[in-house]
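Input: a single structure, listed below in structure tokens.
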Amino acid sequence: MSEDPAPDPTLSRLSAALGDVPTRGLPPVERWDPPYCGAIDIRIAADGTWHHNGSPIRRDKLVKLFATILRREPDGKTVLVTPVESVGITVEDAAFVAVEMAVDGTGEGRRISFRTNVDDLVSVDAEHALRFEEGPDGALKPYLHVRRGLWALVTRALTYDLVDLAEERVVDGEPWLGLWAGGTFHSIAPVATA
């Protein structure tokens with residue numbers, strides 16, 4: 001049986017900096033303005049797995065804690081931010097992955113909610129929009145806005161479920177395929193290209 005490796009000083013330092021941060025709700029990272037201390041070797045893979053120094057971070061509580069202090073900067077970089085420092089990390093695709101979905105109602109009154117891989121619960125609405133992109137392989141890639149400019153990639157299985165909810169609607173005089181959620185029509189693609 002292998003022993004747990006010694007704690008990494010970078011991860012320990014970030015965890016210690018969060019020691020006095022309230023545990024209820026999300027930390028107010030948008031109000032913190034610490035110095036940028038450079039990039040560290042943390043990467044969020046396209047499948048949502050967090051890696052440090054090339055190895056997956058296996059402590060779910062640590063990943064969930066770090067997910068609460070993610071911030072997207074105006075220049076597009078993603079950082080982990082504490083009251084005392086800000087460090088850059090690499091995000092391959094999206095900061096989160098939407099792994100479960102619940103649907104209630106139909107048409108304009110439909111409500112869709114997601115759970116992310118770090119247990120954020122997000123209901124689709126105007127502020128938490130769905131956007132749809134085409135992947136390099138031509139496949140549809142939906143994303144859900146979670147918070148602070150951070151998005152969740154919707155899993156392939158849930159993508160099929162979303163497409164099943166799609167309907168046609170005229171937007172700015174053009175027919176679009178999309179779906180209603182949270183009182184907003186979320187456009188997928190023009191009907192001519194769908």
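Each residue of the sequence shown is one higher than the one before, starting from 1 at the first, in my numbering. By construction, the Cβ of each residue, glycine as well, lies at the ideal position given by its N, Cα and C atoms.
Neighbourhood of residue i by C-beta, 6 Å cutoff - its chain only, sequence neighbours within 5 removed
i	result
Trp-151	Ala-94, Tyr-143, His-145
Beta-carbon proximity list for residue i, same chain, < 8 Å, skipping 5 on both sides
i	result
Thr-155	Val-97, Ala-98, Val-99
Which listed residue (the options) has its alpha carbon closest to that of residue i
i	options	result
His-186	Ala-102, Trp-50, Val-118, His-128	His-128
Gly-54	Asp-60, Ile-40, Phe-66	Ile-40
Glu-92	Thr-68, Asp-47, Pro-136	Asp-47
Arg-111	Asn-117, Asp-120, Ala-126	Ala-126
Phe-66	Lys-77, Glu-73, Thr-82	Thr-82
Met-101	Glu-134, Val-122, Glu-167, Lys-77	Val-122
Tyr-36	Gly-25, Arg-59, Lys-77, Ile-188	Lys-77
Ala-139	Arg-148, Arg-147, Gly-149, Leu-153	Leu-153
Gly-149	Arg-131, Lys-141, Ser-113	Arg-131
Ala-158	Glu-167, Gly-173, Lys-141	The sequence shown places Leu at residue 158, not Ala. The shortest C-alpha separation from Leu-158 is found at Lys-141.
Cβ distance (whole Å) where residue i is taken to contact residue j below 8 Å
i	j	result
Val-103	Gly-182	Incorrect: roughly 12 Å between the Cβ atoms, too far for contact.
Leu-165	Leu-177	The pair is not a contact, with the Cβ atoms about 11 Å apart (cut-off 8 Å).
Ala-45	His-51	6 Å
Beta carbon of residue i nearer than 8 Å to that of residue j
i	j	result
Thr-106	Arg-43	no
Ile-69	Pro-28	no
Val-79	Arg-71	yes
Val-163	Pro-175	no
Val-118	Gly-38	no
Cβ shell of residue i (< 7 Å), same chain only, five flanking positions each side left out
i	result
Thr-49	Pro-56
Arg-169	Trp-176, Gly-178, Phe-185
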